[in-house]
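Chains B and H, in that order, are what the protein sequence lines are.
The first sequence maps to residues 145 to 668 in our numbering.
The second sequence maps to residues 145 to 668 in our numbering.
The beta carbon of each residue, even a glycine, is placed where N, CA and C say it ideally should be.
Because the structure is a prediction, the values reported are computed rather than measured.
Number of protein chains: 2
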Amino acid sequence: MTSTPRSPLVALAACTVALLVAAPLAGQSGPEIARAWRDAHGPGIIRDYAEFLSYPNNASDTESIRRTATWIRDRLRGEGVESELLELDDGVPPIVYGRLDVPGATRTLGLYVHYDGQPADPTNWTHAPWEPTLYSAAMEAGGTVRPLPRDGEAVDPEWRIYARSAGDDKAPIGALLPVLEAFKEGGVIPTSNLVFFFEGEEEAGSDHLGEYLDRYRDRIDDIDVWLFFDGPAHQSGRPQLTFGVRGVTGMEVTVYGPVRPLHSGHYGNWAPVPGQMLAQLLASMKDEQGKVLIDGFYDTVEPLGPEEQAALEALPDYDEELKRELGLMWTEGEPQTLAERLLLPSLTVRGLSSGNTGKLARNVIPATATATLGIRLVKGNDPEHMADLVEAHIRAQGYHVVREDPDMATRLTYPKIAKVARGNGYPAARTSMDDPFVQEVISAARAAADQAFGDNSLVLTPALGGSLPLYLFSDGLHKPFVNVPIANHDDNQHAPDENLRVANLWYAIELYAQLLTMPRKVVP
Amino acid sequence: MTSTPRSPLVALAACTVALLVAAPLAGQSGPEIARAWRDAHGPGIIRDYAEFLSYPNNASDTESIRRTATWIRDRLRGEGVESELLELDDGVPPIVYGRLDVPGATRTLGLYVHYDGQPADPTNWTHAPWEPTLYSAAMEAGGTVRPLPRDGEAVDPEWRIYARSAGDDKAPIGALLPVLEAFKEGGVIPTSNLVFFFEGEEEAGSDHLGEYLDRYRDRIDDIDVWLFFDGPAHQSGRPQLTFGVRGVTGMEVTVYGPVRPLHSGHYGNWAPVPGQMLAQLLASMKDEQGKVLIDGFYDTVEPLGPEEQAALEALPDYDEELKRELGLMWTEGEPQTLAERLLLPSLTVRGLSSGNTGKLARNVIPATATATLGIRLVKGNDPEHMADLVEAHIRAQGYHVVREDPDMATRLTYPKIAKVARGNGYPAARTSMDDPFVQEVISAARAAADQAFGDNSLVLTPALGGSLPLYLFSDGLHKPFVNVPIANHDDNQHAPDENLRVANLWYAIELYAQLLTMPRKVVP
């Protein structure tokens, strides 16, 4: 299919007429028109989304992922967006790229979505992962299967549609397409240029994202602010915006006892026990309240600005409920809240192994003990530097650090030996909430949240605890970003029976309509 | 086959003639006669032992183990020993029991051997485990396969015979039978009553040993001293006697974080990390020099007597060589030696697990972390009491101790929870080296060692580090015991290519001849 202009919007964009003003139908605002469209065409929007959800989207399934990308490209074209697939080498999922240039726009929004999903093992799902199934409510709440709605049928916002990627991350596309269609049909012209940038291997690690951004730099260079349409709402159920993600690095540390496992009777009390050595090493890294004791670990943390500080203080207090749900009577660093703790770097024992436990345990002093350490980073922390600090701490405990298993000569030179295998890492990213583009996004999202969830419902979260390579945008492209999640917090993302609550799809339509019609910037 | 008396010895035993004196041929001593027999019949002794080694002897292989037991019983009968199989329930390997009563004897020796062996995986062996193969020397020393010797052929003491149980623990039977035959043919009458008690499930854990000792108590009650023919020579290669074994107990300790594994980004720095908690708990139990910090851990250790203390000081210093071999630059409790350390209870991290390490490591805070702790006990330590001390220490670190995984109510009551699953245990056993029976055994073994390995070669080891349920004899029967090993120290016991050095079989013949003709006790 060629990219023949077929809609007024594209025609307008092609003309690049200066200072053209949006001319909505009957004097209605963009959000009002989108809302009316949603109310009139709800069943069709749901059926359309169900069709999209039926496309398998595992990044490693080259054929399926390309079919999904092509479907999106064609649907964008159908809504008047100039759209194409950006490519790298064979086998790399393409970027679905699109532009909608608005004459006289003083701002360009980058809209990021990822259209690939986590792998899914069908045996753990109630229905096949790519056979979208509508429920009258959440399964846990007693919902039952119901048919997709017919035109004219009333839509219950508590309906849930179950399928892989229903929440993470096809939902933004399921909401963007009807907004574009409503605007096209209603004559609403967005107030910003729009660049659509939909990734196809986020769940597989975004290995080629940096290369795409480099290779196609000219296609994205005019973006003023990136909106990441990904992730779920706040755990309280309220809508949120987030302005940062933690970076990540890590290492695997192995300490050595005797060259071979020894009989724990014949040598126990004499041969060094690697599990004991490792316990002592790990205990030296962190105190019982969760404070990391490694020299300099907190030194490079960038302080929060006043907006971040205010947002942090305004966050809903959800810790006690979360602790109850997780069976926890204490947390690291208390009385600091989870949100506060996510603004600090963390050191986590992700895995431990030495010999065997349980039925396979044997009467041995094992030869080695290994810990996998995860390190999450915040703004200001350099991944290499942070790993250096941990390694320096290991050396300070008397260990000789090696990169390979030690040979006999090394063993007979150094009393304590630790192999440190560093993982890949990348830095945190945080956008200043004071940035003028970011402030505009906050205003638009607040309007949508007030409309959909009630006044002052929007939660502003300075940073998520998880890691995404958003530094490619903030540090690589020097552009602000805002993470704009819409899925329900209980969407089972990455898990079986992933789902989207229809109310959240409806909220996304409201939100995107607001974002696409933010007041024009006054150019000084 | 019935137990018809067929030899002068049995006839004599049946007569129970008082004060009968041994009347060796041509005025030679028992050891001299045994030595001459060995020199004259060496090839036959080796061929005979090879036949015995061809009998599979895995305790769980009911049919094979019974065939092996029957072979031994019949061979004992052939040497004039009244012999039978003692039985418990179906499927329990029988005890091969035998008696040789000597008129006028003032002492009864209990001779313990185990005729079962460790399981063997043939794929790891150079030759099939139960196809005995003679080598011109140890494989590692360049030895090659050679045929079994013909009568009259010269025997090289460096020959090695490879088969499962060659060292552990058929060797004593391979040496006892020719000694009995030499004595029978040479007219040597032992100076003690002999009770043969050969176990068939030592390698499977001796689960029925206590029951056998109870059920057949009348058959063993007159034994004055038990000789355990098991185990290898000292690591220096020198012959040894040992007078104790450590007891054993243990536990598996699991500590709990969140009720399910959590994303290490979204919750890292807030949710308790069980691997970290476990590291802190283990680190609190033992210092970096290997001293156990648990209150009372060393309080019940019985002090050594003067004989033990002297033996300890006379032990060969083998630690530096062992450290080199094991790639160790330090040991727990140094400068104490291995032998000294084995006289103290030990606490060993035998296994550690939490989440995954290596390729399977995931970005999670695992829900649990587990350590398998081994505790070795010395004379004076009660297994239950020692486990109580460890558990009290865990409680003192703020843990609520449970026996099952905690439910939500328990989780929401106690901040720190540890599941402690105790293993079975039994106490250490140690014989006083001052005991008069034990002193006689030492003298006889010293004579044999001087003869076979040179003057003052015998090593007296107060206690082995490993565990055997010898408390059944020392504490249960209130009888002294001596462990009298004969196998070469490098016999690969429990491992592939197990072997016996012929020189060690020859030493066993010398040793048993000495033990069976120890000077009669003077009855006051």
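query	result
Environment of B:T206 [buried if 16+ CB atoms lie within 10 Å]	exposed
Rounded separation between H:D366 and H:T252 - CA only	7 angstroms
Cα-Cα separation, H:V332 to H:G174	6 angstroms
Cβ pair H:E302, H:A596 closer than 8 angstroms	no
Contact residues within the stretch 535-569 of chain B, judged by C-beta distance below 7 angstroms to chain H	M552, R555, L556, Y558 and P559
Selection of the stretch 395-416 of chain H by Cβ proximity to chain B, strictly under 9 angstroms	E396, T398, Y400, G401, P402, V403, R404, L406, H407, S408, G409, H410, Y411, G412, N413, W414, A415 and P416
Terminal residues of the alpha helix (DSSP H) in which B:W650 lies	V646 to L660
Buried versus exposed, by CB contacts within 10 Å (16 or more), B:Q637	buried
N- and C-terminal bounds of the alpha helix (DSSP H) containing H:G524	No alpha helix (DSSP H) holds H:G524; DSSP gives it neither H nor E.
Anticipated Cβ contact below 8 angstroms, H:T393 with H:A562, distance rounded	That pair is no contact at about 17 angstroms.
C-alpha gap between B:D684 and H:A315, whole angstroms	With chain B covering 145 to 668 only, the question about residue 684 of chain B has no answer from this structure.
Contacting residues, own chain, Cβ-Cβ under 8 angstroms from H:R382 (five flanking each side not counted)	P460, A593, F597, S601, L602 and V603
8 angstroms contact criterion, which B:A652 and B:I630 should meet: CB distance rounded	4 angstroms
Interface residues of chain H facing B:S336 [CB-CB closer than 8 angstroms]	Residues of chain H passing the Cβ test: none, with the nearest at roughly 31 angstroms.
Chain B contact for H:T516 (CB, 8 angstroms cutoff)	yes
Cβ neighbour criterion (16 or more within 10 Å) applied to B:K430	buried
Beta-ladder partner(s) of H:P376, from DSSP	H:A631
For B:L426, the three-state DSSP class (helix, strand or coil)	helix
Residues that B:E343 bridges to, as DSSP identifies them	B:H258
Residue-chain proximity (B:G381, chain H), Cβ-Cβ < 8 angstroms	no
Of the residues B:P405, B:G401, B:L426 and B:H544, the one placed nearest B:V417, counting alpha carbons only	B:G401
Beta-bridge pairing of B:Y462 - partner residues as DSSP gives them	None; B:Y462 has no bridge partner.
Beta-carbon proximity list for B:F341, same chain, < 7 angstroms, skipping 5 on both sides	I239, Y241, G254, L255, Y256 and I364
With 16 other Cβ atoms within 10 Å as the buried cut-off, status of H:K328	buried
Beta carbon proximity, H:N500 to chain B, threshold 8 angstroms	yes
CA nearest to the CA of B:Y290, picked from B:G296, B:R304 and B:E284	Position check: residue 290 of chain B holds Arg in this sequence, whereas Tyr was assumed. Here the closest residue by C-alpha is B:R304.
Top-ranked residue by Cα proximity to B:D635, from B:E223, B:D245, B:G375 and B:P606	B:G375
Whole-number beta carbon distance between B:M395 and B:A565, since they are thought to touch under 8 angstroms	6 angstroms
Below-8 angstroms beta-carbon distance, H:L660 vs any chain B residue	no
Nearest neighbour of H:T475, chosen from B:A272, B:A415, B:G287 and B:T214 [CA to CA]	B:A415
CB contact below 8 angstroms: H:V257 versus chain B	no
H:A427 beta carbon less than 8 angstroms from that of B:Q424	yes
Chain H contact for B:L153 (CB, 8 angstroms cutoff)	Legend: pLDDT at B:L153 = 43, less than 50; position of this residue unreliable, no value from coordinates given.
Under the three-state DSSP convention, the category H:V585 falls into	helix
Beta-carbon neighbours of H:G610, restricted to chain B and to distances below 8 angstroms	H407, G409 and H410
Min CB distance H:L496 to chain B below 8 angstroms	yes
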